[in-house]
Each structure stands twice: as C-alpha cells, then as structure tokens.
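Peer 1: The sequence shown begins at 2 in our numbering and counts up one residue at a time. The beta carbon of each residue, even a glycine, is placed where N, CA and C say it ideally should be.
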Amino acid sequence: AINKALKNGLTVECENHPQFINEYYKQLIEVFANKGLVPTYGLARVQTLFDCLNEQDLLFTLQVKYNSKIIATGLFPHDNHYVYYWGGASYSEFRNFYPNELIQWTLMKMAAKRGITKYHMGGGNNPFKTKWGGELIDTYHWYKSYNPLAKIARSTYQWQFRTFQKIRGLIRKYAR
2 AINKALKNGL
12 TVECENHPQF
22 INEYYKQLIE
32 VFANKGLVPT
42 YGLARVQTLF
52 DCLNEQDLLF
62 TLQVKYNSKI
72 IATGLFPHDN
82 HYVYYWGGAS
92 YSEFRNFYPN
102 ELIQWTLMKM
112 AAKRGITKYH
122 MGGGNNPFKT
132 KWGGELIDTY
142 HWYKSYNPLA
152 KIARSTYQWQ
162 FRTFQKIRGL
172 IRKYAR
C-alpha cells in the first residue's frame, strides 16, 4: 500500500502552521458524516492540543498531498519514548490512493529518527492496525461507583451521548 501511495504521487509533509487544524477538522467532519455522526469534540480541543504541544516540539502534524491538494491529516503527540495516535482524517474520495498508510509509515520513520521506539495506535483491534505487525496490548477501564445512582447516571449519560451524536449527524446530513 505504501508503494502504491508513492506511485500515486502522494507526498507527506510535517505542517506546523495553525491553518493545519482547520483542514484536519474539515476532514474529520467528513469522516464522521460518512458514518451518520458528528465529531465527538470541537475544533477548540484540537486547537488547544496544537497550541500546547506544537510549540514544545511534542506534536507531529502530518498531511498528505496529492497534486498540491491536502487529502489526509494526522496529529500525533509524542515524548522521548512513545508516539501516540491522537487523530487522523482523510477525504473518502482519495482513500484508494492509500494516504492513511503513507502517513502512518512516514510517522514511524520520523519517530525512529528521533529515537522514539514505541507507538500507541489507540484502542481497538482492527485490520488497519494489525497489518503493521505490532504487539497487541489489552487495556482495561474500570469504573467503581460507590453510589448506585452514579452507576445509573454514567450508563444513562453514555447512552444519551451516543444517541445525540447520531441525531446530530442525521440533522447535519439532511440539513444540506
């Protein structure tokens, strides 16, 4: 896939300009819209991440270009030991050009040049992640509610959040 991306003429750039954030979020909106949803966080959260980490050189902000058009973006915070997948997005019309694979491969090479040897791709086990040959590490989240009402409230909130996200996605889809 990486060779195909290169044959398709894709290039990857590390972009530290604040305008990068707007392009990323625009692509993210499309990714969620394709699933009938809306993003789970606003542009301000992405801006805060960028403002806090980019200035300290603790954030890789990568974009993939095809014929000078930005078709994929990714944000990857890091320290001296780990790089983390925070978010990525791409325009669906260019997915067959393999921009997501190229951005991941470029990130891994950049991290290795800095001596960063571990990459946390986030939760979940899916074909995109497993094809990189990494080690799957299970992580768990435990919630202890000392009050039965708190347990009910947490479950209700999670259900409500998912439901409202779907409703907002439908509203956005049909409001166009």
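1. For F33, which residues from the same chain have a beta carbon less than 6 Å from its beta carbon, with the 5 sequence-adjacent residues on both sides left out?
2. Quick check: the Cα distance between G75 and I104, rounded to an integer number of angstroms?
3. Kindly indicate which residue of M111, I71, K36, Y25 has the alpha-carbon position closest to the one of K168.
4. Could you have a look at E56 and say whether DSSP puts it in helix, strand or coil?
5. Three or more C-beta pairs under 8 Å: does that hold for the stretch 147-167 against the stretch 116-123?
6. Among the residues of its own chain, which have a CB less than 6 Å from the CB of K152, if the five just before and after it don't count?
7. Only counting the same chain, and skipping five residues up and downstream in sequence, which positions put a Cβ closer than 7 Å to that of A6?
8. Within 10 angstroms of its Cβ, does L171 collect 16 or more other Cβ (buried), or is it exposed?
9. Just to confirm the assignment: which complete beta strand (DSSP E) runs, minimum length 3, are found wholly within the stretch 32-83?
10. What span of residues does the alpha helix (DSSP H) with K8 cover, start to end?
11. Which residues does DSSP list as the beta-bridge partners of T157?
12. Quick one: is I3 buried, meaning 16 or more other Cβ sit within 10 Å of its Cβ, or exposed?
13. Tell me whether N148 is buried or exposed, calling it buried when 16 or more other Cβ atoms sit within 10 Å of its Cβ.
14. For W87 versus L50, is the C-beta distance shorter than 8 Å?
15. What does H18 pair with, by DSSP beta-bridge criteria?
Peer 2: In short:
1. Position 32 of the sequence shown, counted from the first residue, corresponds to residue 33. Correct list, in chain order: V39, P40.
2. The sequence position of residue 75 within the sequence shown is 74, counting from 1. The sequence position of residue 104 within the sequence shown is 103, counting from 1. Cα to Cα, the separation comes out at about 7 Å.
3. Position 167 of the sequence shown holds residue 168. Before going further, note that residue 168 is Ile rather than Lys in the sequence given. The shortest C-alpha separation from I168 is found at K36.
4. Residue mapping note: residue 56 aligns to position 55 of the sequence shown, counting from 1. Three-state DSSP puts E56 in coil, outside helix and strand.
5. Result no; under three Cβ-Cβ pairs closer than 8 Å.
6. In the sequence shown, residue 152 corresponds to position 151, counting from 1. S146.
7. Working through the sequence shown from its first residue, we reach residue 6 at position 5. Close CB contacts of A6 within its chain, under the 7 Å cut and outside five residues either way in sequence, are with F98, Y99, P100, E102, L103 (chain order).
8. The count along the sequence shown starts at 1 and reaches residue 171 at position 170. Exposed, because fewer than 16 other Cβ atoms sit within 10 Å of the Cβ of L171.
9. Listed in chain order, the complete beta strand (DSSP E) runs (minimum 3 residues) inside the stretch 32-83 are 60-67, 70-78.
10. In the sequence shown, the residue the question calls residue 8 occupies position 7. For K8, the enclosing alpha helix (DSSP H) has its first and last residue at 3-8.
11. Here residue 157 refers to the residue found at position 156 of the sequence shown. Under DSSP, T157 forms no beta bridge with any residue.
12. Along the sequence shown, read from residue 1 onward, the residue named residue 3 stands at position 2. It is exposed - the Cβ of I3 has fewer than 16 other Cβ atoms within 10 Å.
13. Numbered from 1 along the sequence shown, position 147 holds the residue referred to as residue 148. Answer is exposed; the Cβ neighbour count stays below 16.
14. Here residue 87 is taken as the residue at index 86 of the sequence shown, counted from 1. Here residue 50 is taken as the residue at index 49 of the sequence shown, counted from 1. With respect to the 8 Å criterion, W87 and L50 are classified as neighbours on the basis of their beta carbons.
15. As a first step, residue 18 is located in the sequence shown; it is residue number 17 there, counting from the start. Looking at the DSSP assignment, H18 forms no beta bridge with any residue, so it has no partner.
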